[in-house]
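In our numbering, the protein residues as written are 1180 to 1512. All C-beta atoms, glycine included, are put in the ideal place defined by N, C-alpha and C. One structure below.
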Amino acid sequence: MAQQYRIKRRIASVSSGIADNSLVTIDVPRGYDLESLFIKVTATANVTTNGTAVRALAPTQIVKRLELIGDGKNTIASVPGWYLCKNFGREQFGLMTPPTAATIAAYPVEFFGSLDQALIDGVRPKDSNLRSAGMSMLQLRLTLGACIDLFTGGVAGTFTALAIEVYTVETIELPDAKGNVTTPLYLQKRSYQDVALPSSNANQQIILPIGNALRGLVMLATINGEPSNAVINNVQLVSGVDVRINLPGPALQRLNAIDYAPVGQLTNTAGTDSFSSLLPTGFYYADLMTNGPRDVNVTNAWDLSKASEAKLVMDVTGGAGYQVTVVSTEFLQ
């Protein structure tokens, strides 16, 4: 029987030549099976004109988009920065140090997040490891935001001491007596859409990727960039007459609260929400594989390999500045 061992290492540390609104490209080592990438971003936010407030998801706005690209053309992941801290399998936010105020000063900021290729909440996590051997290149591309993205109001300022570190967790497969090694069975692919909601719509439709198996969606609803539970009223996942989810938005959040490990403290105080694991405001998981905080099976994913179309259908409250970001997770064989 083939065996393996795991290594954890820092693969990059970048601090020169990066600033507000820049693009950073990092070469990821090839040869071993990639389980997870961890990204640490630190900076000093120098505010020169007072703003109104610190944004709810600061400082994840430092990274507007992260892309993992193989062979220069195959996009394995394309996700917004906040997804690194809030995604399937890892319910807790990573370390975040937001600015303490929006007034003129210099504020240290940091966030730490992950992009998992292994199905870390699965029965066989390494079945979705990214086998990098044979790739001509594997690159991590970070599109950075600006200092003002961390604040509301007419703030002005820039980043200094902006630095990025990237760490990997990799599995090294060892051949068995016959020279065979374990092979991953599928690949996790992630993509996202930003959808503006200029008006209320009881039948807001968003086309989803087809041709593979869909685990589900992570959704973030915002008003003027701030997370809000006042946008999504109902959620459906539909392909023809096949309806996999049909739940009111608040009910979906309550279901998420008992499907994932607790992230808060249980209270029994009058007037205080007693759910100990509610997702942060604005977040919704339309997860087709999870039923309680336990291991998941890829066989429960939604097989869309022969589907002609799949949609996210929502009842939404819209208006100026209303938006929903939808991150899809697929399994490719």
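Candidates the options: closest to residue i by CA position
i, options, result
"residue 1509", "1205, 1236, 1255, 1204", "1255"
"residue 1408", "1503, 1283, 1393, 1267", "1503"
"residue 1464", "1316, 1478, 1496, 1431", "1431"
"residue 1303", "1497, 1194, 1478, 1368", "1478"
"residue 1295", "1267, 1209, 1195", "1267"
"residue 1300", "1200, 1337, 1269, 1434", "1269"
"residue 1283", "1490, 1232, 1395, 1480", "1232"
"residue 1522", "1375, 1281, 1474", "Because the chain here runs from 1180 to 1512, residue 1522 falls outside it and cannot be looked at."
"residue 1490", "1429, 1260, 1384", "1384"
"residue 1288", "1220, 1473, 1373", "1220"
"residue 1482", "1315, 1258, 1391", "1391"
"residue 1281", "1331, 1244, 1264, 1197", "1331"
"residue 1337", "1326, 1345, 1346, 1347", "1326"
"residue 1507", "1347, 1416, 1470, 1501", "1416"
"residue 1365", "1309, 1424, 1192, 1406", "1309"
"residue 1227", "1184, 1339, 1512", "1339"
"residue 1213", "1251, 1367, 1328, 1497", "1367"
"residue 1469", "1428, 1395, 1418", "1395"
"residue 1485", "1418, 1196, 1189", "1418"
"residue 1382", "1357, 1413, 1354", "1413"
"residue 1195", "1480, 1328, 1236, 1341", "1341"
"residue 1501", "1467, 1436, 1400, 1426", "1400"
"residue 1252", "1352, 1235, 1193, 1314", "1314"
Residues bridged to residue i [DSSP beta-bridge criterion]
i, result
"residue 1249", "1253, 1317"
"residue 1413", "1427, 1494"
"residue 1295", "1215"
"residue 1370", "1507"
"residue 1418", "1421"
"residue 1400", "1503"
"residue 1287", "1223"
"residue 1392", "1482, 1510"
"residue 1380", "1495"
"residue 1244", "1259, 1322"
"residue 1202", "1322"
"residue 1269", "1266"
CB contact flag (residue i, residue j, <8 Å)
i, j, result
"residue 1230", "residue 1333", "yes"
"residue 1320", "residue 1216", "no"
"residue 1307", "residue 1298", "yes"
"residue 1238", "residue 1208", "no"
"residue 1389", "residue 1488", "yes"
"residue 1200", "residue 1285", "no"
"residue 1290", "residue 1248", "no"
"residue 1379", "residue 1492", "no"
"residue 1273", "residue 1293", "yes"
"residue 1205", "residue 1191", "yes"
"residue 1324", "residue 1406", "no"
"residue 1410", "residue 1262", "no"
"residue 1371", "residue 1459", "no"
"residue 1512", "residue 1361", "no"
"residue 1265", "residue 1322", "no"
"residue 1188", "residue 1350", "no"
"residue 1467", "residue 1423", "yes"
"residue 1420", "residue 1218", "no"
Three-state secondary structure assigned by DSSP to residue i
i, result
"residue 1189", "strand"
"residue 1262", "helix"
"residue 1183", "strand"
"residue 1209", "coil"
"residue 1239", "helix"
"residue 1432", "helix"
"residue 1437", "helix"
"residue 1444", "Residue placement at residue 1444 is flagged as unreliable, the pLDDT there being 45, under the threshold of 50; the coordinate-derived value follows with that caveat. It is coil, neither helix nor strand."
"residue 1196", "coil"
"residue 1228", "strand"
"residue 1282", "coil"
"residue 1488", "coil"
"residue 1406", "strand"
"residue 1387", "coil"
Min CB distance residue i to chain B below 8 Å
i, result
"residue 1512", "No chain B appears in the structure shown, which is made up of a single protein chain."
heavy atom of the ligand GTP below 7 Å from residue i C-beta
i, result
"residue 1494", "The ligand content of the structure shown is nil, which means the ligand GTP is not present either."
Query raised in the report: Taking the runs of the beta strand (DSSP E) that are 3 residues or longer, which of them lie wholly in the region 1459-1483?
Result: Complete beta strand (DSSP E) runs here, min 3: 1462-1466.
Query raised in the report: What are the complete beta strand (DSSP E) segments, minimum 3 residues, inside the region 1298-1362?
Result: 1317-1323, 1335-1353
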